[in-house]
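Peer 1: Numbers given in my numbering equal positions in the sequence shown, counted from 1, plus 676. A virtual CB, placed ideally from N, CA and C, is assigned to each residue, including glycine. First the structure, which I've put down as structure tokens, then a few questions once you've had a look.
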Amino acid sequence: MRNFDLLEPKTVTEACRMLDDGEDVRPVSGGTALLILVKQGLLRPRTLVNLKKLEGANAITRDEAGAVRIEAMATIHQVETSPVVREHLPVLAAACHQVANIRIRHLATIGGNLAHGDHQSDPPGVLVALDAEVELSGTRGTRAMKLADFLLGTYETALEPGEMVTAVTVPPVRGRLVSDYLKFTTGSSEERPCAGITALVRLEGDRPVEARLAVGAVAARPLLLCETDPTEGALPRMAERASEEIDPIPDLRGSAEYKRHLVRVLGRRALAAAWKEACP
Ligand SMILES: Cc1cc2nc3c(=O)[nH]c(=O)nc-3n(C[C@H](O)[C@H](O)[C@H](O)COP(=O)(O)OP(=O)(O)OC[C@H]3O[C@@H](n4cnc5c(N)ncnc54)[C@H](O)[C@@H]3O)c2cc1C
Numbered sequence: 677m678r679n680f681d682l683l684e685p686k687t688v689t690e691a692c693r694m695l696d697d698g699e700d701v702r703p704v705s706g707g708t709a710l711l712i713l714v715k716q717g718l719l720r721p722r723t724l725v726n727l728k729k730l731e732g733a734n735a736i737t738r739d740e741a742g743a744v745r746i747e748a749m750a751t752i753h754q755v756e757t758s759p760v761v762r763e764h765l766p767v768l769a770a771a772c773h774q775v776a777n778i779r780i781r782h783l784a785t786i787g788g789n790l791a792h793g794d795h796q797s798d799p800p801g802v803l804v805a806l807d808a809e810v811e812l813s814g815t816r817g818t819r820a821m822k823l824a825d826f827l828l829g830t831y832e833t834a835l836e837p838g839e840m841v842t843a844v845t846v847p848p849v850r851g852r853l854v855s856d857y858l859k860f861t862t863g864s865s866e867e868r869p870c871a872g873i874t875a876l877v878r879l880e881g882d883r884p885v886e887a888r889l890a891v892g893a894v895a896a897r898p899l900l901l902c903e904t905d906p907t908e909g910a911l912p913r914m915a916e917r918a919s920e921e922i923d924p925i926p927d928l929r930g931s932a933e934y935k936r937h938l939v940r941v942l943g944r945r946a947l948a949a950a951w952k953e954a955c956p
């Protein structure tokens with residue numbers, strides 16, 4: 677096994693400078709994904725830049741307009757237990773609560789989860805349903821983009837060499853959101869999801885004005901369907917459409933046909949649960 681250098685920047689500017697020093701330099705956050713790849717010999721970084729010591733890089737805040745900003749170093753456990761997330765984005769707290777087990781959740785970060793780009797993850801689908809943006813920083817500056825555009829495929833993201841994820845932001849919600857997240861695994865509940873389904877119903881006053889269905893973990897990228905002025909009767913059709921439009925990746929957890937079936941069944945269930953709460 678080859679040795680590597682471990683750098684420990686204190687600021688984002690310092691970290692970006694270190695990351696911009698060639699291809700063999702990798703950021704490490706919780707290390708729950710990266711260190712497995714290193715141990716398996718699939719990655720042989722010359723230098724690891726430890727982002728865990730960045731000051732203030734795990735804050736979770738809500739601004740006056742209602743946007744929720746989660747700094748990239750926030751652990752999955754911090755997201756799951758944050759009073760801001762629990763009050764304003766309970767569906768994200770619910771999904772994070774279902775990631776792996778408590779030991780992993782204490783180490784793994786939201787930035788590491790998104791940057792890793794493994795499609796079999798819980799947070800990306802939920803965050804796409806919530807229309808989240810990621811903030812990326814590098815030596816050439818900071819840019820923001822929709823998470824849906826950032827996630828390009830399995831282990832593929834729009835990160836440029838030398839860039840890091842510094843935050844994820846969920847824009848203010850107009851009206852009120854009612855939501856449901858269903859995770860399905862083919863093994864123990866701690867496993868990576870075979871499917872992660874998010875259903876949202878947005879209300880203005882008492883009127884449902886939008887329904888969203890996001891399918892995560894089934895295809896290389898999350899699939900999002902939106903319907904304006906939804907009716908209860910239209911929801912099963914939405915789940916049906918998702919199962920037709922998704923391009924499932926067959927694997928040990930199930931065939932493409934099996935996963936389509938899951939999307940149809942779980943999509944209906946999640947939408948029905950959100951609708952029941954929105955329009956009792
Ligand atoms: C046993 C086990 C079970 C799991 N189960 C689930 C599950 O049920 N659901 C689920 O969603 N996930 C699951 N995971 C995956 C886990 O959520 C990810 O490993 C974790 O989120 C990655 O975060 P990290 O901070 O540990 O990233 P790291 O391992 O530190 O890094 C991962 C990758 O992202 C890069 N990186 C890290 N931080 C940044 C950054 N800020 N900017 C740019 N690049 C960065 C690294 O260079 C590396 O390529 C499981 C993992 C394990 C080991």
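Does DSSP put Lys822 in a helix, a strand or coil?
Peer 2: It is a strand residue.
Peer 1: Taking just the CA atoms, how far does Arg868 sit from His773?
Peer 2: In a straight line, the C-alpha of His773 is about 13 Å away from that of Arg868.
Peer 1: Kindly list the residues whose CB is nearer than 8 Å to the CB of Glu731, restricted to its own chain and excluding five residues on each side of it in sequence; keep chain order.
Peer 2: Here the set comprises Lys686 and Thr687.
Peer 1: Helix, strand or coil, according to DSSP, for Pro884 in the structure here?
Peer 2: Three-state result, Pro884: strand.
Peer 1: Starting from Gly793 and walking both ways along the beta strand (DSSP E), at which residues does that stretch end?
Peer 2: First-last for Gly793: undefined, no H or E at that position.
Peer 1: What are the partner residues of Lys859, as DSSP defines its beta bridges?
Peer 2: Answer is Gly872.
Peer 1: Buried or exposed: which applies to His753, given that a residue is buried once 16 or more other Cβ atoms fall within 10 Å of its Cβ?
Peer 2: Flag for His753 reads buried.
Peer 1: Give me the Cα-Cα distance between Tyr831 and Gly742, rounded to the nearest whole angstrom.
Peer 2: Whole-angstrom Cα-Cα distance: 31 Å.
Peer 1: By DSSP, does Glu690 sit in helix, in strand, or in coil?
Peer 2: In this structure, Glu690 counts as helix in the three-state DSSP scheme.
Peer 1: Quick one: give me the first and last residue of the beta strand (DSSP E) that Glu756 is part of.
Peer 2: Note, Glu756: premise wrong, no beta strand (DSSP E); alpha helix (DSSP H) at Ile752 to Thr757.
Peer 1: Measure the C-alpha to C-alpha separation of Ser919 and Leu803 and round it to an integer number of angstroms.
Peer 2: Whole-angstrom Cα-Cα distance: 20 Å.
Peer 1: Using the rule of at least 16 other Cβ atoms within 10 Å of the residue's Cβ for burial, across every protein chain shown, is Leu828 buried or exposed?
Peer 2: The residue is exposed, with fewer than 16 neighbouring Cβ atoms inside 10 Å.
Peer 1: Is any heavy atom in ligand 1 found nearer than 7 Å to the beta carbon of Met840?
Peer 2: Correct: Met840 has its Cβ closer than 7 Å to ligand 1.
Peer 1: Does any residue of chain B bring its CB to less than 8 Å from the CB of Arg702?
Peer 2: The displayed structure is made up of one protein chain only, and chain B is not part of it.
Peer 1: With three or more beta-carbon pairs closer than 8 Å as the criterion, would you say the region 755-762 touches the region 714-721?
Peer 2: Taking 8 Å as the limit for Cβ pairs, the verdict is that the region 714-721 does not touch the region 755-762.
Peer 1: Hey, out of His792, Pro848 and Ala887, whose CA is closest to Ala748's CA?
Peer 2: It is His792 whose Cα lies nearest to the Cα of Ala748.
Peer 1: Among Asn726, Leu768 and Arg852, which one has its Cα closest to the Cα of Ile736?
Peer 2: Taking only the C-alpha atoms, the option nearest Ile736 is Leu768.
Peer 1: Is there contact between the region 900-916 and the region 924-937, where contact requires at least three CB pairs shorter than 8 Å?
Peer 2: No: fewer than three Cβ pairs fall under 8 Å.
Peer 1: Counting C-beta neighbours from all protein chains within 10 Å, is the total for Leu858 16 or more, i.e. buried, or is it exposed?
Peer 2: So Leu858 counts as buried.
Peer 1: Does the contact criterion of 3 or more C-beta pairs under 8 Å hold for the region 773-790 versus the region 700-708?
Peer 2: Judged by Cβ distances under 8 Å, the region 773-790 makes contact with the region 700-708, as three or more pairs qualify.
Peer 1: If contact is defined by three or more beta carbon pairs under 8 Å, each pair taking one atom from either stretch, is the region 800-815 in contact with the region 834-841?
Peer 2: The region 834-841 is in contact with the region 800-815.
Peer 1: Apart from the five residues just before and just after Lys729, which ones in its own chain have a Cβ nearer than 8 Å to its Cβ?
Peer 2: So the list reads Glu684, Pro685 and Lys686, once near-sequence residues are dropped.
Peer 1: Between which residues of its own chain and Leu719 is the CB-CB distance below 8 Å, once the five residues before and five after are set aside?
Peer 2: Counting only Cβ-Cβ distances below 8 Å, and skipping sequence neighbours, we find Arg702, Leu710 and Leu713.
Peer 1: Please list the terminal residues of the continuous beta strand (DSSP E) segment that includes Leu783.
Peer 2: It is not in any beta strand (DSSP E) - Leu783 instead sits in the alpha helix (DSSP H) that spans Ile778 to Leu783.
Peer 1: Can you grab the Cα-Cα spacing for the pair Leu889 / Asp681, in whole Å?
Peer 2: Cα to Cα, Leu889 sits roughly 44 Å from Asp681.
Peer 1: When you compare only the Cα positions, how much space is there between Glu908 and Asn777?
Peer 2: Taking the straight line joining both Cα atoms gives about 35 Å.
Peer 1: Find out if the Cβ-Cβ distance for the pair Ala946, Asp798 is shorter than 8 Å.
Peer 2: No, these two residues do not count as a Cβ contact at 8 Å.
Peer 1: With distance defined between alpha-carbon atoms, name the residue in Pro759, Lys935 and Leu806 nearest to Leu900.
Peer 2: Checking every option, the nearest Cα to that of Leu900 belongs to Leu806.
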